[in-house]
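**Q** First the structure, which I've put down as structure tokens, then a few questions once you've had a look.
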Amino acid sequence: MASSGWEYWRVTRVADDSLEWLAITRPGARGIDARKVWTLMPNGLWFIANWYLTEDYWREDTTSVWAFENIDIEDARQVALEVPQPSPEDMTRLTRPETSLTFDQIDRHATDKILGKRAAGAIASRR
């Protein structure tokens, strides 16, 4: 069974509306976790705290790179099958936090705990 308390986001590039990430947030969390955005890493079957998407999500001006569409868990399970693998540059960038998160705040959550075992199995079989 998937965990409760998560909000799910289809994240697309503003420039061309292409799907880039499946993201989750936890609005009921305390401290920094209330502001974090985690993104699906299909190859690793986990969601990792994504500091640069977190910055974009909370940006108050109009220079956002990504558009965030709130979706339900069923849509999230479908998007998980479509989300592209992050580029090597994105993976390197994720492990070098900047202003919004420190290295020890870049945590991860297992996909089966977020989307359920069936969805995690479907993602694993697409690898």
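In case it helps, this note's numbering puts the sequence shown at residues 260 to 386.
Cβ coordinates follow ideal geometry from the N, Cα and C atoms, glycine included.
1. Buried or exposed, going by whether 16 or more other CB atoms sit within 10 Å of the CB of Ala369?
2. Taking the beta carbon of Ile291 as the centre, do at least 16 other beta carbons fall within 10 Å, making it buried, or is it exposed?
3. What is the DSSP secondary structure of Met260, reduced to helix, strand or coil?
4. Let me check understanding here. Comparing Cα to Cα, which of Val273, Asp334, Ala378, Arg385 lies closest to Val324?
5. Could you tell me which residues DSSP pairs with Ala383 in its beta bridges?
6. Can you check whether the CB of Leu340 is closer than 8 Å to the CB of Ala381?
7. Give the DSSP-derived three-state secondary structure of Leu360 in the structure shown.
8. Within 10 angstroms of its Cβ, does Leu278 collect 16 or more other Cβ (buried), or is it exposed?
**A** Reading it off the structure:
1. The residue given as residue 369 occupies position 110 in the sequence shown. Classification of Ala369: exposed, given that the 10 Å Cβ count is below 16.
2. By 1-based counting over the sequence shown, the position of residue 291 is 32. With fewer than 16 other Cβ atoms within 10 Å, it is exposed.
3. The sequence position of residue 260 within the sequence shown is 1, counting from 1. In this prediction, Met260 has a pLDDT of 43, which is less than 50 and means its spatial position is unreliable; what the coordinates show is noted afterwards. Met260 sits in coil when the DSSP states are folded into three classes, being neither helix nor strand.
4. Translated into the one-based positions of the sequence shown, residue 324 becomes position 65. Ranking the options by Cα distance to Val324, first place goes to Val273.
5. The sequence position of residue 383 within the sequence shown is 124, counting from 1. None, per the DSSP bridge assignment.
6. Sequence index remark: in the sequence shown, residue 381 carries index 122 (1-based). Sequence index remark: in the sequence shown, residue 340 carries index 81 (1-based). Result yes, Cβ atoms of Ala381 and Leu340 sit closer than 8 Å.
7. The residue labelled residue 360 in the question sits at position 101 within the sequence shown. Three-state DSSP puts Leu360 in coil, outside helix and strand.
8. Against the sequence shown, residue 278 aligns to sequence position 19. By the 10 Å Cβ count, Leu278 comes out exposed.
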